[in-house]
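> Sharing a structure with you now.
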Amino acid sequence: MATEEQTAAERPDATEVPLEGLRLSDEEYWQDGPPQEIFERMRSQCPVHWSPGITEHPDEDGFWSVTKADDVHEVSRDWRTYSSAYGITALTHAVMPLELVQAMFIGMDPPKHDRLKALFQRGFTPKRIAEHEDAIRTIARDVLDRLGDRDSCELVGEVAQPFVSRVIGSFMGIPEGEDEDWARLMNSILAANDPDINPDGIDAVAERDVPEMFERCTKLIAERRENPTDDLTSVLVHAEIDGERLEEHEIVMGFFLLMAAGNDSTKATYCSAMRALMEDPEQKQLLLDDPTLVPQAVEEALRMFPAFAHFRRTATTDTELGGQPIAKGDKVVLWYVSSNRDEDRYDDPNQFDLRRNPEHQAFGAGGRHFCLGTALARLELRVMIEETLARYPGIELNGHPRFAATQFVNQLKDLPVKLR
50 MATEEQTAAE
60 RPDATEVPLE
70 GLRLSDEEYW
80 QDGPPQEIFE
90 RMRSQCPVHW
100 SPGITEHPDE
110 DGFWSVTKAD
120 DVHEVSRDWR
130 TYSSAYGITA
140 LTHAVMPLEL
150 VQAMFIGMDP
160 PKHDRLKALF
170 QRGFTPKRIA
180 EHEDAIRTIA
190 RDVLDRLGDR
200 DSCELVGEVA
210 QPFVSRVIGS
220 FMGIPEGEDE
230 DWARLMNSIL
240 AANDPDINPD
250 GIDAVAERDV
260 PEMFERCTKL
270 IAERRENPTD
280 DLTSVLVHAE
290 IDGERLEEHE
300 IVMGFFLLMA
310 AGNDSTKATY
320 CSAMRALMED
330 PEQKQLLLDD
340 PTLVPQAVEE
350 ALRMFPAFAH
360 FRRTATTDTE
370 LGGQPIAKGD
380 KVVLWYVSSN
390 RDEDRYDDPN
400 QFDLRRNPEH
410 QAFGAGGRHF
420 CLGTALARLE
430 LRVMIEETLA
440 RYPGIELNGH
450 PRFAATQFVN
460 QLKDLPVKLR
């Protein structure tokens, strides 16, 4: 079974980093993905940990890190004490204005959250998603066909990205010719600090990318007002809550939420799953010998490699969590990349074991904000793993993978492979 290898030269020695005063989200700790050694020490020594600030963003307040599964579950289910209405990531203002975040149901609390989310759920019922399997499989095969008889490729940009872009684009009613533009926008906004993905810096996101997103959304929304279809954009445009239509910015931000999740979540977990399989030929051979194990491999990949490293709540009152005093207004960050490796929940948590078939917190940890796209994500992952291994059973790594410089989306930006 595969254990993730860390590149020691690319990050500080996790055994020597003092936990007291540690600024967990500092970029130096995330050069090769989530700092699992630090999270392991936190779970053991201070499972609810205070980071006094964010070095790269000195105007942002510090935050509490919640690292164990039971504590993440407790916070997730108690929306009255831990609100989503004051920001959903460790950063409150740096990438996107808070008022735009608050226009998405993910940035709301009940009852409005529940009413708005119910509108989206119409397009993500398991029955409706299952009806799209043939179309999704066709997209996967078309993407792999483009590789022709090449003997290598970069799996993130040449396979995962065009696949997820077309799948979510088809659900939203986006013309295929615009897939690359939307992928560029979503990647830049969600990995704003990565110099390869967003070379113009984080300020360019607010000044250039967010306005472009609004312009593109507004155009599509106007088209759907005049010519409704059965896509999800039409659902948003014509939806009503308590007899009232959504406001323009609510439609745009609802559109953004679906596009962002559809662009990054499956792409991130698929690529990490393929990396794990390539690093462990025994596990990969199990799937080749018995493809019925692919759904279990999907669940193990979701556990080990949740697409979103964290989401955040804000304390609405003075409280206590894990023996720590949480003050009203404190940020409380739920680290799924840690809770999904909690030693009290999983044996050998850093090992990829497709026979584990685990419960996990990749889609949240219960409560109101459980991910509504679970059925689609599972279907996409199953189809892409099946089709990739069927086409390239001997696929191998062809260099060192690189992670995107972000503490929010847990994703690789480069995964070079040999196609065999």
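Take the position in the sequence shown, starting the count at 1, then add 49; the result is the number in our numbering.
Every residue, glycine too, gets a C-beta built ideally from N, C-alpha and C.
Report the residue ranges of all beta strand (DSSP E) runs contained in full by the stretch 366 to 399; include only those spanning at least 3 residues, in chain order.
368 to 370, 373 to 375 and 380 to 384, all fully within the stretch 366 to 399.
> Taking the beta carbon of E256 as the centre, do at least 16 other beta carbons fall within 10 Å, making it buried, or is it exposed?
Start at 1 with the first residue of the sequence shown, and residue 256 comes out as number 207. The residue in question, E256, is exposed, as its Cβ has fewer than 16 Cβ neighbours within 10 Å.
> Output needed for V192: all residues of its chain with C-beta closer than 7 Å, excluding positions within five of it in sequence on either side, in chain order.
Start at 1 with the first residue of the sequence shown, and residue 192 comes out as number 143. So the list reads V208, P211 and F212, once near-sequence residues are dropped.
> What would DSSP say about R294, mapped onto helix, strand or coil?
What you label residue 294 is simply residue 245 of the sequence shown in a count that begins at 1. R294: strand per DSSP, three-state reduction.
> Taking the alpha-carbon of D402 as reference, which of E331, Q460 and S133 has the nearest alpha-carbon?
Numbered from its first residue, the sequence shown carries residue 402 at position 353. Selected option, being the one with the closest Cα: E331.
> Kindly list the residues whose CB is nearer than 6 Å to the CB of I290, restricted to its own chain and excluding five residues on each side of it in sequence; keep chain order.
Residue 290 sits at position 241 when you count from the first residue of the sequence shown. R164, listed in sequence order.
> Am I right that V13 and R362 are in contact with their C-beta atoms under 8 Å? What's the rounded C-beta distance?
Beyond the ends of the chain as shown, which are 50 and 469, falls residue 13; an answer cannot be given.
> Taking its Cβ as the centre, do 16 or more other Cβ atoms sit within 10 Å of T341, making it buried, or is it exposed?
Here residue 341 refers to the residue found at position 292 when the sequence shown is read from its first residue. Per the 10 Å Cβ criterion, exposed.
> What does DSSP give as the partner residues of P465 in its beta bridges?
By 1-based counting over the sequence shown, the position of residue 465 is 416. Beta-bridge pairing links P465 to E203.
> Taking its Cβ as the centre, do 16 or more other Cβ atoms sit within 10 Å of A57, making it buried, or is it exposed?
Within the sequence shown, numbered from 1, the residue matching residue 57 stands at position 8. Since pLDDT at A57 reaches only 43, below the 50 mark, its modelled position is unreliable, and the value read off the structure follows with that caveat. By the neighbour-count rule (16 or more Cβ atoms within 10 Å), A57 is not buried but exposed.
> Select from E429, P442, I217 and P146 the residue whose C-alpha is nearest the C-alpha of D338.
The residue labelled residue 338 in the question sits at position 289 within the sequence shown. Ranking the options by Cα distance to D338, first place goes to P442.
> With burial defined as no fewer than 16 other Cβ atoms inside 10 Å of the residue's Cβ, what is the status of A167: buried or exposed?
As a first step, residue 167 is located in the sequence shown; it is residue number 118 there, counting from the start. Exposed, because fewer than 16 other Cβ atoms sit within 10 Å of the Cβ of A167.
> In terms of residues, what are the limits of the alpha helix (DSSP H) holding T282?
The residue labelled residue 282 in the question sits at position 233 within the sequence shown. Counting along the chain, the alpha helix (DSSP H) containing T282 begins and ends at L281 to H287.
> Apart from the five residues on each side of it in sequence, which residues of its chain come closer than 6 Å, Cβ to Cβ, to T423?
Counted from its first residue, the sequence shown places residue 423 at position 374. Once the five neighbours on either side are set aside, the close Cβ partners of T423 are F412.
> Would you call the stretch 346 to 353 and the stretch 365 to 378 in contact, with 3 or more CB pairs under 8 Å?
No: fewer than three Cβ pairs fall under 8 Å.
> Determine the DSSP secondary structure at A414, reduced to helix, strand or coil.
The residue labelled residue 414 in the question sits at position 365 within the sequence shown. Looking at A414 - three-state DSSP - the assignment turns out to be coil, as it is neither helix nor strand.
> Out of K467, F452 and P84, which one is the CA nearest neighbour of L73?
Looking up residue 73 in the sequence shown gives position 24. Of the listed residues, the one whose Cα sits closest to L73 is P84.
> Would you decide whether P96 is buried or exposed? Buried here means 16 or more other CB atoms lie within 10 Å of its CB.
Walking along the sequence shown from the start, residue 96 turns up at place 47. By the neighbour-count rule (16 or more Cβ atoms within 10 Å), P96 is buried.
> Under 8 Å, do G218 and D230 count as touching if we go by C-beta distance?
The sequence position of residue 218 within the sequence shown is 169, counting from 1. The sequence position of residue 230 within the sequence shown is 181, counting from 1. Contact: no.
> Considering only the alpha carbon of each residue, which of Q460, T282 and I444 lies closest to S201?
The residue given as residue 201 occupies position 152 in the sequence shown. Checked all of Q460, T282 and I444; the closest Cα to S201 is I444.
> Can you check DSSP and say which residues form a bridge with E445?
Against the sequence shown, residue 445 aligns to sequence position 396. According to DSSP, which records beta bridges pairwise, E445 is partnered with K467.
> At what residues does the alpha helix (DSSP H) containing W128 begin and finish?
Sequence index remark: in the sequence shown, residue 128 carries index 79 (1-based). Where W128 is concerned, there is no enclosing alpha helix (DSSP H), given that its DSSP letter is neither H nor E.
> To which residues of the same chain is E203 closer than 7 Å at the C-beta, ignoring the five residues directly before and after it?
In the sequence shown, the residue the question calls residue 203 occupies position 154. Answer for E203: D463, L464 and P465, listed in chain order.
> Mind checking whether I137 and L306 have CB atoms under 8 Å apart?
One-based indexing of the sequence shown puts residue 137 at position 88. One-based indexing of the sequence shown puts residue 306 at position 257. No, these two residues do not count as a Cβ contact at 8 Å.
> Is the beta carbon of K117 closer than 8 Å to that of G396?
Taking the sequence shown and counting its residues from 1, one reaches residue 396 at position 347. Taking the sequence shown and counting its residues from 1, one reaches residue 117 at position 68. Reading off the sequence, residue 396 comes out as Asp, not Gly. Going by C-beta atoms, D396 is not nearer than 8 Å to K117.
> Does P442 get closer than 8 Å to chain C when you measure Cβ to Cβ?
Although the question refers to chain C, the structure presented lacks it and comprises just one protein chain.
> What residues in its chain sit with their C-beta under 8 Å from that of M327, if we drop five residues either side in the sequence?
As a working note, residue 327 is residue 278 in the sequence shown. Excluding positions up to five away in sequence, the list reads K333, I444, E445, L446 and V466.
> In the DSSP assignment, find the unbroken alpha helix (DSSP H) run with V97 in it and report its ends.
Along the sequence shown, read from residue 1 onward, the residue named residue 97 stands at position 48. Taken as a continuous stretch (DSSP letters only), V97 belongs to no alpha helix (DSSP H), being part of the beta strand (DSSP E) at V97 to S100.
> Does DSSP classify G111 as helix, strand or coil?
Translated into positions along the sequence shown, residue 111 becomes position 62. Coil at G111, not helix or strand.
> In whole angstroms, what is the alpha-carbon distance linking Q55 and E429?
Residue numbering aside, residue 55 sits at position 6 when the sequence shown is read from its first letter. Residue numbering aside, residue 429 sits at position 380 when the sequence shown is read from its first letter. Model confidence at Q55 stands at a pLDDT of 43, short of 50, so the residue's coordinates are unreliable; what they give is reported in the following sentence. About 28 Å.
> Taking all protein chains shown into account, do 16 or more other C-beta atoms lie within 10 angstroms of the C-beta of T52, making it buried, or fewer, making it exposed?
Here the question's residue 52 lines up with position 3 in the sequence shown. Residue placement at T52 cannot be trusted, given a pLDDT of 47 that sits under 50; what the coordinates show is reported in the next sentence. T52 is exposed by the Cβ-count criterion.
> Please determine, among V115, M221 and S133, the residue with the shortest C-alpha to C-alpha distance to G303.
As a working mapping, residue 303 is identified with position 254 in the sequence shown. Closest option to G303, Cα to Cα, is M221.
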